Amino acid sequence: MLAHGSAYYLSFMRMRFFGHPSATHAVVLSAVHSTEVEMLDPLLGPAPHISQLATFAAAWGSAGQEVLVLLSPPSE
């Protein structure tokens, strides 16, 4: 899982780049590699979805390059 400490990243993107209507949609980023991005997306099914980095960048860029960072509460 792509996590920095206890942070998880949700990316907003346009789904037309993945063959769906051009709605803005959120996915959870699970890994980023030099040429691929792995994401979890219930719209695409329960298994991780692999996208080429260029496709992900175009979908993300067309949605305004927004990311929501979720933080877990600190351990006590």
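Just so we're aligned: 2 in this note's numbering is position 2 of the sequence shown, and the numbers increase by one with no gaps anywhere.
Note that CB positions come from ideal geometry on N, CA and C, so glycine has one too.
Please read all numbers here as calculations on a predicted model, not as lab measurements.
Rounded straight-line distance, which links the Cα of residue j to that of residue i
i: L29; j: G45; result: 15 Å
i: A7; j: L70; result: 5 Å
i: A23; j: S75; result: 37 Å
Residues near residue i by beta carbon distance below 7 Å, same chain, minus five either side
i: S51; result: E36, V37 and M39
Beta-carbon contacts of residue i that lie in its chain and below 6 Å, excluding the five residues immediately before and after
i: L68; result: L10
i: A63; result: F12, M13, R14 and T24
Residues of its chain near residue i, where Cβ-Cβ distance is below 8 Å and the 5 sequence neighbours each way are ignored
i: A58; result: F17
Residue i - partner residues in DSSP beta bridges
i: E36; result: Q52
i: A26; result: F12
i: A31; result: E38
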